[in-house]
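Q:
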Amino acid sequence: MRIREPFKLVAIGAIGFWLAAFALLPNLLVVIASVLERGSDEFVAFAFTLDSYRRLLDPLYLGVLLDSLWLAAATTTLCLLLGYPFAYLLTRMPARWRPMLLLLVIIPFWTSSLVRTYAMVIILQTNGWLNQILLDLGLIAEPLELLYTEPAVIAGMLYALLPFMILPLYAALEKLDRRLIEAARDLGAGRVTIFRRIILPLTLPGIVAGCMLTFLPGLGMFYVADLLGGARTLLVGNLIRDQFLSARDWPFGAAASVMLTVLMGLLLWAYYLSSRRASRGALP
Amino acid sequence: MSPRDAARIAYLILIYGFLYLPILVLIVYSFNDSKYSLEWQGMTWTWYQNLFDDPDLLQVALNSALVATLSATVATMIGTMAAVALYRYAFFGKSLLQGLIFVLMMTPDIVMGIALLILFASLRLPLGFWTLLLAHITFNIPFVVVTVFSRISGFDRHLIEAAKDLGATEFQTVRCVILPLLVPAVGAGWLLSFTLSMDDVMVSFFVTGPTFEILPLKIYSMVRLGVTPEINALCTIMLGATLMLILIAQLLLREKS
Chain A
1 MRIREPFKLV AIGAIGFWLA AFALLPNLLV VIASVLERGS DEFVAFAFTL DSYRRLLDPL
61 YLGVLLDSLW LAAATTTLCL LLGYPFAYLL TRMPARWRPM LLLLVIIPFW TSSLVRTYAM
121 VIILQTNGWL NQILLDLGLI AEPLELLYTE PAVIAGMLYA LLPFMILPLY AALEKLDRRL
181 IEAARDLGAG RVTIFRRIIL PLTLPGIVAG CMLTFLPGLG MFYVADLLGG ARTLLVGNLI
241 RDQFLSARDW PFGAAASVML TVLMGLLLWA YYLSSRRASR GALP
Chain B
1 MSPRDAARIA YLILIYGFLY LPILVLIVYS FNDSKYSLEW QGMTWTWYQN LFDDPDLLQV
61 ALNSALVATL SATVATMIGT MAAVALYRYA FFGKSLLQGL IFVLMMTPDI VMGIALLILF
121 ASLRLPLGFW TLLLAHITFN IPFVVVTVFS RISGFDRHLI EAAKDLGATE FQTVRCVILP
181 LLVPAVGAGW LLSFTLSMDD VMVSFFVTGP TFEILPLKIY SMVRLGVTPE INALCTIMLG
241 ATLMLILIAQ LLLREKS
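Note that the protein sequences, when read in sequence, are chains A and B. Numbering-wise, this note's numbering puts 144 at position 144 of the first sequence, and it's gapless, one number per residue. Numbering-wise, this note's numbering puts 207 at position 207 of the second sequence, and it's gapless, one number per residue.
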């Protein structure tokens, strides 16, 4: 029994140390920084204050916050509405096609979202591809100003995040026990009832996971807002970035980040509850 | 084919079109022999040639490759050991550890970026190569753990018991039975870490300094100045490299499963 100890010790020690030093400690420091005062020559001054949190409620910042929540919510909703039927259809495809079709979703999932955002800029710019097509089709008389608008930001985030919605949905839908649907049908349930009472509750963990993976990045992806939304501060991500880069107000940036973390905690909690419910409802 | 099937396939094609069309346009324009026009003016390698003639850009690309290689390697070592430990042992704080890994994976990049920035600032570490490396190892670890762990959980436990019965020590079991079976998953984890590291913008944005520039941040600052065919070419190269690594990773994961 002695011999097994070294590997166990090293393995657990390494991961434990890394997570403590580079995950727990930094987040603790963020919380501490968020309740300190802004420093003059150092980034923070060691005096307790809740001022940063109070300023998050300032109409100026509250506006950014609400805008950002709206953009992220719109993106998440669109991802879900487009992604759910897509993931469902994928699971209904012939088994020999599925790995290939799934790989085609995984490829954009792993490629750089910056590069993909840039591709969106090319499509949307005034002398860009979409305008050209609309002009050629005679649908518009002159090019539209597509870039630097809110819809452009939503389109960019949708484009960057759609695979993050599809993959968890696909995983949840694939696990779905077909016998439950057949049983419901035999018992006389209609399509709507089957979807509402069986498919939806059982895939709820996938839905929540997908929403988490699109909503949270949707609040933070400052480069999407920069490249597609123009110079305005649109997202919480831009707000946080500016506090650390130009405004040099670290406590305020830290407070905004704590807010995002709390939001993540709530979503994780929702995920936990939904997956517990789904597994309790499943067949043994 | 019934009308319903046709509608289903049309919908799939529509979404795939949305996912791939912008990328395709980007790639096509990187070969277009015209600086501003959208019209196809013939095929050219000029933009690629310009990239390779730029010594700064080459240095930046090498920086990125260096950080990606090192961070993927360290993250794979730590992550693989962690996955094996989570599978083999019961220990104090195990569910806390699993929870932390999950939360770390879900953490929005911007939150991780500023948390690490504050850590490095408190430690008075100058931002540059080392801080970037530490940050990249951190965000890579959970992905390695998940990739390797999902592979291990599909293992035949009898193999390990057989090794024990034949008198293997714990070390020998890990080295001669578990690790060889894990090679594909470890390889896939490494490749995925490498691509994550090559492509990361948000975390890197906060934790690197002017002394150490990397490719995604370079692209970001170039794009902010405007669209040029050179950026199309650079992005096409990035896409090509990522695509190749994903394909290899997928092949590794599919083999024998």
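Each residue gets a CB set at the ideal place from its N, CA and C atoms; glycine is no exception. As the structure is a computational prediction, the values presented were derived from the model and not from experiment.
At least one CB of chain A closer than 8 Å to the CB of residue 238 of chain B: is that the case?
A: Within the second sequence, the letter at position 238 stands for residue 238 of chain B. Contacts with chain A at 8 Å (Cβ-Cβ) include residue 238 of chain B.
Q: Quick one: what does DSSP say residue 183 of chain A is sitting in, helix, strand or coil?
A: On the first sequence, position 183 is the one that residue 183 of chain A refers to. Helix at residue 183 of chain A.
Q: Of all Cβ atoms in chain A, is any one closer than 8 Å to the Cβ of residue 48 of chain B?
A: In the second sequence, residue 48 of chain B corresponds to position 48, counting from 1. Chain A contact via Cβ: absent.
Q: Does the beta carbon of residue 216 of chain A come closer than 8 Å to any beta carbon on chain B?
A: For the purposes of this step, residue 216 of chain A is identified with residue 216 of the first sequence, where counting begins at 1. So yes, residue 216 of chain A belongs to the interface.
Q: Taking the alpha-carbon of residue 140 of chain A as reference, which of A:147, A:131, A:177 has the nearest alpha-carbon?
A: In the first sequence, counting from the first residue as 1, residue 140 of chain A sits at position 140. Of the listed residues, the one whose Cα sits closest to residue 140 of chain A is A:131.
Q: Grab me the residues of residue 174 of chain A's own chain with a C-beta within less than 7 Å of its C-beta, minus the 5 sequence neighbours each way, in chain order.
A: Locating residue 174 of chain A in the first sequence gives position 174, counting from the first residue. If we look at residue 174 of chain A and ignore the five residues flanking it on each side, its Cβ neighbours are 91.
Q: If you measure from the beta carbon of residue 122 of chain B to each beta carbon in chain A, is any gap under 8 Å?
A: In the second sequence, counting from the first residue as 1, residue 122 of chain B sits at position 122. By this cut-off, residue 122 of chain B is an interface position.
Q: What is the rounded straight-line gap between the Cα of residue 220 of chain A and the Cα of residue 242 of chain A?
A: Here residue 220 of chain A corresponds to residue number 220 of the first sequence, with the count starting at 1. Here residue 242 of chain A corresponds to residue number 242 of the first sequence, with the count starting at 1. Cα-Cα distance, rounded: 12 Å.
Q: What residues of chain B sit near residue 252 of chain A, judged by a beta carbon separation below 9 Å?
A: Here residue 252 of chain A refers to the residue found at position 252 of the first sequence. For residue 252 of chain A, no chain B residue has a Cβ inside 9 Å of its Cβ, as the nearest lies near 11 Å away.
Q: Return the bridge partner residues of residue 38 of chain A from the DSSP annotation.
A: As a first step, residue 38 of chain A must be located in the first sequence, where it is residue number 38. BP columns for residue 38 of chain A point to A:44.
Q: Just the Cα atoms here: how many angstroms apart are residue 68 of chain B and residue 183 of chain A?
A: As a position in the second sequence, residue 68 of chain B is number 68, starting the count at 1. As a position in the first sequence, residue 183 of chain A is number 183, starting the count at 1. Cα to Cα, residue 68 of chain B sits roughly 51 Å from residue 183 of chain A.
Q: Under three-state DSSP, which class holds residue 244 of chain B?
A: One-based indexing of the second sequence puts residue 244 of chain B at position 244. The answer is helix: DSSP assigns residue 244 of chain B an H, G or I state.
Q: If you measure from the beta carbon of residue 138 of chain B to each beta carbon in chain A, is any gap under 8 Å?
A: As a position in the second sequence, residue 138 of chain B is number 138, starting the count at 1. Yes, residue 138 of chain B counts as interfacial toward chain A.
Q: Strictly under 8 Å for the Cβ-Cβ distance: is residue 225 of chain A near chain B by that measure?
A: Against the first sequence, residue 225 of chain A aligns to sequence position 225. It does not; no Cβ of chain B falls within 8 Å.
Q: For residue 112 of chain A, tell me which candidate among A:251, A:159, A:155, A:19 has the shortest Cα-Cα distance.
A: In the first sequence, residue 112 of chain A corresponds to position 112, counting from 1. Out of A:251, A:159, A:155, A:19, A:159 has the C-alpha closest to the C-alpha of residue 112 of chain A.
Q: Have a look at residue 3 of chain A and residue 71 of chain A and give me their C-alpha separation to the nearest angstrom.
A: Reading the first sequence from its first residue, position 3 is the one you call residue 3 of chain A. Reading the first sequence from its first residue, position 71 is the one you call residue 71 of chain A. At residue 3 of chain A, the pLDDT of 47 sits below 50, so the modelled position is not reliable and the matter cannot be decided from this model.
Q: Taking residue 127 of chain B as part of the alpha helix (DSSP H), name the residues at either end of that continuous run.
A: The count along the second sequence starts at 1 and reaches residue 127 of chain B at position 127. It is not in any alpha helix (DSSP H) - residue 127 of chain B carries neither H nor E in the DSSP assignment.
Q: Measure from the alpha carbon of residue 146 of chain A to the alpha carbon of each residue in A:125, A:94, A:67, then state which is nearest.
A: Taking the first residue of the first sequence as position 1, residue 146 of chain A is located at position 146. Closest option to residue 146 of chain A, Cα to Cα, is A:125.
Q: Please confirm whether residue 153 of chain A has its beta-carbon closer than 8 Å to some beta-carbon of chain B.
A: In the first sequence, residue 153 of chain A corresponds to position 153, counting from 1. Not an interface residue.
Q: Would you grab the beta carbon distance between residue 43 of chain A and residue 61 of chain B for me? Rounded to a whole angstrom, and I think it's under 8 Å.
A: Numbered from 1 along the first sequence, position 43 holds the residue referred to as residue 43 of chain A. Numbered from 1 along the second sequence, position 61 holds the residue referred to as residue 61 of chain B. Not quite, the Cβ-Cβ distance comes to about 32 Å (not below 8 Å), so this is no contact.
Q: Compare the beta carbon distance of residue 108 of chain B and residue 26 of chain A with 8 Å and say whether it is the shorter of the two.
A: Translated into positions along the second sequence, residue 108 of chain B becomes position 108. Translated into positions along the first sequence, residue 26 of chain A becomes position 26. No, these two residues do not count as a Cβ contact at 8 Å.
Q: So, with DSSP's three-state summary, where would you put residue 32 of chain B?
A: Translated into positions along the second sequence, residue 32 of chain B becomes position 32. Strand at residue 32 of chain B.
Q: Please report whether the beta-carbon of residue 98 of chain B lies at a distance below 8 Å from any beta-carbon of chain A.
A: Counting from one through the second sequence, the residue named residue 98 of chain B turns up at place 98. With 8 Å as the cut-off, residue 98 of chain B does not count as an interface residue toward chain A.
Q: Please classify residue 259 of chain A: does DSSP put it in a helix, a strand, or coil?
A: As a working note, residue 259 of chain A is residue 259 in the first sequence. Residue 259 of chain A: helix per DSSP, three-state reduction.
Q: Once you ignore the five residues that flank residue 271 of chain A on each side, which residues in its own chain have a CB closer than 8 Å to its CB?
A: Taking the first sequence and counting its residues from 1, one reaches residue 271 of chain A at position 271. Only 205, 208, 209, 212 meet the Cβ criterion.
Q: Quick one: using the 10 Å Cβ neighbour count with 16 as the cut-off for buried, is residue 250 of chain B buried or exposed?
A: Start at 1 with the first residue of the second sequence, and residue 250 of chain B comes out as number 250. By the 10 Å Cβ count, residue 250 of chain B comes out buried.
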